[in-house]
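Student:
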Amino acid sequence: MEDLRKEFENYMEDRCVTSECETEEDSYEYPDYVEAINAELMPPSKSGVYISRWDLKMVGDAIDASIAMDARARMYKMLMRSVHDKETMGLLLGAFSSLIDAKIEPYKEMMNAYPVVSPIFQEKIDKAERVKAYFEEVLKTYFPEE
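Per numbering that gives the first Met the number 0, numbering through the sequence shown is continuous, rising by one, with the last residue being 145.
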């Protein structure tokens, strides 16, 4: 019985099942802008659009960053690891802006087809436009001209 307990404990340590284990992702120091953008972009209630895992993968492809399919939060962080300079950040935020434009296009079509729902979709479009404007602030704040 004691051997079984020891074997189980070794298994738990090897698989890093306990909360004491620290993964590579946990130890990586992300810049402040990573959380700032995440807080504005990822929640649909703040951005007006839902960014799916496939969307994150497409944005990664747009900036030549290969990211694996995973949970959205992890994929976002993997994507942000590929940003090291203002140019790459500009490409990334441009890709996100293009994605947002594509996501709000159906909202505009619905507003034209069904004017009664315009207030609902206009609110989502306004949020999306606010996030796109926020991207410019991020570039100016975290990547100032030298």
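Ideal Cβ positions, reconstructed from N, Cα and C, are used throughout, including at glycine.
The structure presented is a predicted model; accordingly, all values stated were derived computationally and were not measured.
Return the CA-CA distance between Ser-65 and Lys-85, expressed in angstroms with no decimal places.
Tutor: 19 Å
Student: Note down, in chain order, each residue of its chain lying with its Cβ closer than 8 Å to the Cβ of Val-116, except the 5 sequence neighbours on either side.
Tutor: Met-109 and Met-110
Student: Between which two residues does the alpha helix (DSSP H) carrying Tyr-75 extend?
Tutor: 71-80
Student: Restricting to Cα atoms, I'd like to know which of Ser-96, Met-77, Met-57 and Arg-71 is closest to Glu-135.
Tutor: Ser-96
Student: With three or more beta-carbon pairs closer than 8 Å as the criterion, would you say the stretch 30-44 touches the stretch 65-76?
Tutor: yes
Student: Going by Cα to Cα distance, which pick from Glu-1, Val-33 and Met-57 is closest to Ile-99?
Tutor: Met-57
Student: If the criterion is Cβ atoms closer than 7 Å, does the pair Ile-119 and Ile-103 meet it?
Tutor: no
Student: For the putative contact between Met-79 and Val-33, defined by C-beta atoms under 8 Å, what is the C-beta separation to the nearest angstrom?
Tutor: 5 Å
Student: Give the DSSP-derived three-state secondary structure of Val-33 in the structure shown.
Tutor: helix
Student: Which whole-angstrom value describes the C-beta separation of Ile-62 and Ala-94, a residue pair presumed to lie in contact below a C-beta threshold of 8 Å?
Tutor: 6 Å
Student: Using a 10 Å radius around the Cβ and a threshold of 16 neighbouring Cβ atoms, would you call Tyr-10 buried or exposed?
Tutor: Exposed: under 16 other Cβ atoms inside 10 Å.
Student: According to the neighbour-count rule (16 or more other Cβ atoms, all chains shown, within 10 Å of its Cβ), is Tyr-29 buried or exposed?
Tutor: Residue environment: Tyr-29 is assigned as exposed (fewer than 16 neighbouring CB atoms within 10 Å of its CB, all protein chains considered).
Student: Grab the span of the alpha helix (DSSP H) containing Ala-61 for me, first residue to last.
Tutor: 52-61
Student: Am I right that Leu-55 and Leu-92 are in contact with their C-beta atoms under 8 Å? What's the rounded C-beta distance?
Tutor: For a cut-off of 8 Å, the C-beta gap from Leu-55 to Leu-92 is around 14 Å, too long to register as a contact.
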